[in-house]
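> Each number in the numbering used here corresponds to the 1-based position in the sequence shown with 29 added. Here a beta-carbon is modelled for each residue, glycine too, at the ideal position from N, C-alpha and C.
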Amino acid sequence: MKRSDFRFFHRLRVRWAEIDMQKIVFNGHYLTYIDTAVTAYWGRIALPYETAFHILGGELYVKKATLEYHASALMDDDLSVGMKCSKLGNSSMVFQAGIFRGDKLLISGELIYVFADPQTQTSKPIPEALRHILLIFEAGESVVDLKTGSWAELQSLASPLRTEVFVKEQEIPPELEWDELDATALHAVVVNKLGQAVATGRLLQPQPQVAQIGRMAVSKPLRGGHLGQKVVESLIEVARKRGDKTVILHAQCSAEGFYRRLGFKAHGDIFDDAGIDHIEMTRQLT
Numbered sequence: 030m031k032r033s034d035f036r037f038f039h040r041l042r043v044r045w046a047e048i049d050m051q052k053i054v055f056n057g058h059y060l061t062y063i064d065t066a067v068t069a070y071w072g073r074i075a076l077p078y079e080t081a082f083h084i085l086g087g088e089l090y091v092k093k094a095t096l097e098y099h100a101s102a103l104m105d106d107d108l109s110v111g112m113k114c115s116k117l118g119n120s121s122m123v124f125q126a127g128i129f130r131g132d133k134l135l136i137s138g139e140l141i142y143v144f145a146d147p148q149t150q151t152s153k154p155i156p157e158a159l160r161h162i163l164l165i166f167e168a169g170e171s172v173v174d175l176k177t178g179s180w181a182e183l184q185s186l187a188s189p190l191r192t193e194v195f196v197k198e199q200e201i202p203p204e205l206e207w208d209e210l211d212a213t214a215l216h217a218v219v220v221n222k223l224g225q226a227v228a229t230g231r232l233l234q235p236q237p238q239v240a241q242i243g244r245m246a247v248s249k250p251l252r253g254g255h256l257g258q259k260v261v262e263s264l265i266e267v268a269r270k271r272g273d274k275t276v277i278l279h280a281q282c283s284a285e286g287f288y289r290r291l292g293f294k295a296h297g298d299i300f301d302d303a304g305i306d307h308i309e310m311t312r313q314l315t
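(1) Under 7 Å Cβ to Cβ from L183, same chain only, skipping five residues before and after it: list those, please.
(2) Using alpha carbons as the reference points, say which of A100, F55, L76, S33 lies closest to E254.
(3) Please look up how many angstroms separate the CB atoms of L291 and I84, rounded, as I've assumed it's under 8 Å.
(4) Within its chain, find whatever has a CB closer than 6 Å to the CB of F300; leave out the 5 residues flanking it on each side and keep chain order.
(5) Of all the alpha helix (DSSP H) runs that stay within the bounds of the stretch 221–301, which reach a length of 4 or more residues?
(6) Ignore the nearest five residues each way along the sequence and tell me which others in Y90's own chain have a CB closer than 7 Å to its CB.
(7) In or out: S263 buried (at least 16 other Cβ within 10 Å) or exposed?
(8) Short check: CB of M112 to CB of F35, under 8 Å?
(9) For H39, which of helix, strand or coil comes out of DSSP?
(10) Does DSSP classify G196 as helix, strand or coil?
(11) Along the beta strand (DSSP E) that carries H307, what are the first and last residues, could you check?
(12) Exposed or buried, P250, counting other C-beta atoms within 10 Å across all chains shown (16 or more means buried)?
(13) In the DSSP assignment, what residue or residues form a beta bridge with D107?
(14) Are three or more beta carbon pairs between the stretch 187–200 and the stretch 225–234 nearer than 8 Å?
(15) Would Q225 be called buried (16 or more neighbouring beta carbons within 10 Å of its own) or exposed?
(16) Considering only their Cβ atoms, is the gap separating R312 from V276 smaller than 8 Å?
(17) Can you list, in chain order, the residues of its chain with a C-beta nearer than 8 Å to that of S120? Leave out the 5 residues immediately preceding and following it.
(18) Hey, quick one: how far does the beta strand (DSSP E) through F129 stretch, first residue to last?
(19) Helix or strand or just coil, what does DSSP make of E170?
(20) Return the bridge partner residues of G178 from the DSSP annotation.
(21) Pick helix, strand or coil for L117, following the three-state DSSP scheme.
(22) Roughly how far, in whole angstroms, is the beta-carbon of L314 from the beta-carbon of K274, given that I think they are within contact range, below 8 Å?
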């Protein structure tokens, strides 16, 4: 088993609480590492587990888990947990796992899951939609689609996601979330292969040759998976094609690092918007 066998990796750092009296990672924690990577895997294929599997009409239950120990992980090791779906049966699926320190394989593992009715916990066939998503991801294909259009075209997708993120999660009053600018903005929505909106944003033009990105929202379980980046880059491309020279946005301070990595620079003072600290950021287009 080599790193090149995997398309997906989840990184983690060994913590003090995971070390045993031999000063190595306690053997049982490796299953936790792998289970954590499985959760991240669902995020990478753009499936918010709870809502997605409700749509799919079932849950996954572990039938068998095996580990083979090749070497020990140590305190403060940076580990990469490779994960791939290697086999799909009628109602079962096999995941292969590899825990690496650099290129060195420390642990190899295998998990066998059964797709089942959550009420009766009896097995049922893997839905074709889930089978398709797993196959195309492992084949290197995209598991999401990007839609751009007017509010009339995309409101049914964008509105529930924005409600979930801004109104419910961040507790922004609904009267502050919804405004008349939605009707004039260009909207972008990332949709997974189940038709769920998983990321969204909008593009305004407050003055000639100036674009403004706003209302950026990503489904909470899927953050960190580059979906927000996909939205921002698509809106920047629209702004560039229509001749805009500058893109501005009002970033929540907690997201400043995300926008910096996309080429935006902060300026001015921090200000309050709907009870959340924000900073204005800009990016020049060439």
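Taking the coordinates as given:
(1) Here L183 has K176, H216, V218 as same chain residues with Cβ atoms under 7 Å from its own Cβ, once five neighbours each way along the sequence are excluded.
(2) Before going further, note that residue 254 is Gly rather than Glu in the sequence given. The shortest Cα separation from G254 among A100, F55, L76, S33 belongs to L76.
(3) Rounded, the Cβ-Cβ distance is 31 Å, inconsistent with contact.
(4) Correct list, in chain order: H307.
(5) Segments of the alpha helix (DSSP H) lying fully in the stretch 221–301: 256–270, 285–290.
(6) Residues of the same chain with a CB within less than 7 Å of the CB of Y90, apart from the 5 flanking positions on each side, are Y142, V143, A145, Q150 in chain order.
(7) S263 is classed as buried because its beta carbon has at least 16 other beta carbons within 10 Å across all chains shown.
(8) At a Cβ-Cβ threshold of 8 Å, M112 and F35 count as neighbours.
(9) It is a strand residue.
(10) Correcting the residue identity first, residue 196 is Val in this sequence and not Gly. DSSP places V196 in helix when its eight states are reduced to three.
(11) Per DSSP, H307 belongs to the beta strand (DSSP E) from 305–313.
(12) In summary, P250 is buried, with 16 or more beta-carbon neighbours lying within 10 Å of its beta-carbon over all protein chains present.
(13) Looking at the DSSP output, D107 bridges to R42.
(14) A contact exists between the stretch 187–200 and the stretch 225–234.
(15) Label assigned to Q225: buried.
(16) Cβ atoms of V276 and R312: closer than 8 Å.
(17) Apart from sequence neighbours up to five positions away, the residues of its chain that approach S120 with a beta-carbon distance below 8 Å are V143, F144, A145, S152, K153, P154, I155, ordered along the chain.
(18) Its beta strand (DSSP E) spans residues 121–130.
(19) Looking at E170 - three-state DSSP - the assignment turns out to be coil, as it is neither helix nor strand.
(20) In the DSSP output, where bridge partners are listed per residue, G178 has H216.
(21) Strand.
(22) With a Cβ gap of about 6 Å, L314 and K274 count as contacting.
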